[in-house]
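In full-length UniProt numbering, the protein residues as written are 1 to 290.
Beta carbons are placed, not taken as given, at the ideal position from N, Cα and C, and that holds for glycine.
Have a look at the structure below, then the notes.
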């Protein structure tokens with residue numbers, strides 16, 4: 001497997017354009033501590049798909065990663081894959097949707113803050129579409145009470161946008177599967193792996209200390225007075241829904257002909273990699289025995 005480019009904040013010299021399996025084997029040999037055979041290179045979403053298929057064998061599953069980065073894969077009809085010969089069966093398509101917009105097609109929609117965060121990242125210009133809230137959060141330092149309140153507002157807005165982006169992508173995938181199969185309605189499972197989906201707080205404001213919470217209340221009243229906002233709107237800004245709830249709502253709104261069940265996959269990518277490795281070893285043994 002040739003490493004095309006680094007993502008997710010990783011950066012190491014002399015790796016891009018190289019076979020990572022060979023580099024890993026060479027590094028293990030240099031340590032002279034153990035022997036390790038590399039059977040397969042597995043994408044995190046593909047691993048999650050394998051885990052969901054193993055745990056829910058009778059369900060149609062689309063895996064989604066929502067953590068340090070975001071991605072999805074799905075089973076596409078071979079007749080729709082122009083780059084591969086053959087029309088029978090299906091093939092797993094790894095979307096790498098985090099790279100959507102890397103060619104500049106989304107530049108008109110990016111804000112000045114997006115550009116600043118991207119410029120300060122380890123890999124500027126990469127993975128710019130699904131900007132993870134962690135990229136923003138680690139830039140905000142709570143040096144004072146007011147900064148804590150502002151961070152709550154800013155991070156809440158960023159979190160909502162990230163959840164809606166993931167939801168929009170997921171809705172497009174499940175509705176595409178429904179259309180491929182010629183169905184009026186589709187029941188489908190989305191297996192989600194990632195700490196952002198699992199641990200994003202139900203309410204940032206509720207996690208603040210009493211003094212910060214009081215400041216939130218004061219700022220809320222001030223916003224209501226200056227902007228003539230209704231209490232409902234400001235409450236919506238301050239007391240935020242979780243990432244998962246916003247994403248679920250977005251999928252429901254954009255894919256009304258699909259009933260989507262979300263399944264939290266605990267370390268789905270790791271379990272899936274183990275399953276794929278086991279199958280790969282078994283197939284290799286069967287071939288060697290012939």
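- Cβ neighbours of residue 54 within its own chain (closer than 7 Å, five residues either side excluded): 275.
- Just measuring C-alpha positions, the residue of 6, 26, 25, 27 sitting nearest residue 17 is 6.
- Assigned with DSSP and collapsed to three states, residue 81 falls in coil, not helix or strand.
- Residues of the same chain with a CB within less than 6 Å of the CB of residue 157, apart from the 5 flanking positions on each side, do not exist.
- Residue pairing by DSSP places residue 262 opposite 190 in a beta bridge.
- Using a C-beta cut-off of 8 Å, the region 28-39 makes no contact with the region 157-169, since fewer than three inter-stretch Cβ pairs fall below that distance.
- Taking residue 93 as the centre and dropping the five residues before and after it, the same chain places the C-beta of 73, 74, 75, 76, 81 closer than 8 Å to its C-beta, in chain order.
- Between the beta-carbon of residue 48 and that of residue 175 there is about 20 Å, and that puts the pair past the 8 Å contact cut.
- By the 16-neighbour rule on beta-carbons within 10 angstroms, residue 281 is exposed.
- If only uninterrupted alpha helix (DSSP H) runs of at least 4 residues are considered, those enclosed by the UniProt domain "Hexokinase N-terminal" (1-54) are 20-31.
- Take the alpha-carbon of residue 19 and the one of residue 182: they are about 41 Å apart.
- Here residue 83 is exposed. Its C-beta has fewer than 16 other C-beta atoms within 10 Å.
- By the criterion of a C-beta distance shorter than 8 Å, residue 91 is surrounded in its chain by 75, 76, 78, 81, 84, once the five residues flanking it on both sides are discounted.
- Secondary structure at residue 64: strand, using DSSP grouped into helix, strand and coil.
- Excluding its 5 nearest sequence neighbours in each direction, residue 59 has C-beta neighbours in its own chain below 6 Å: 189, listed in chain order.
- Residue 155 has no beta-bridge partner at all, per DSSP.
- Of the other Cβ atoms in all chains shown, 16 or more fall within 10 Å of the Cβ of residue 200; this residue is therefore buried.
- Using a Cβ distance threshold of 9 Å, residue 259 and residue 167 do not count as a contacting pair.
- Separation of residue 124 and residue 290 (C-alpha to C-alpha, rounded to the nearest whole angstrom) is 50 Å.
- Residue 25 and residue 254 have their C-alpha atoms roughly 45 Å apart.
- The secondary-structure analysis by DSSP pairs residue 282 with nothing; it has no beta-bridge partner.
- Residue 272 sits buried, since 16 or more C-beta atoms from the chains shown fall within 10 Å of its C-beta.
- Under the 10 Å beta carbon count, residue 116 is surrounded by fewer than 16 other beta carbons and is classified as exposed.
- Your pair residue 21 and residue 38 checks out as a contact, with CB atoms roughly 5 Å apart and the cut at 8 Å.
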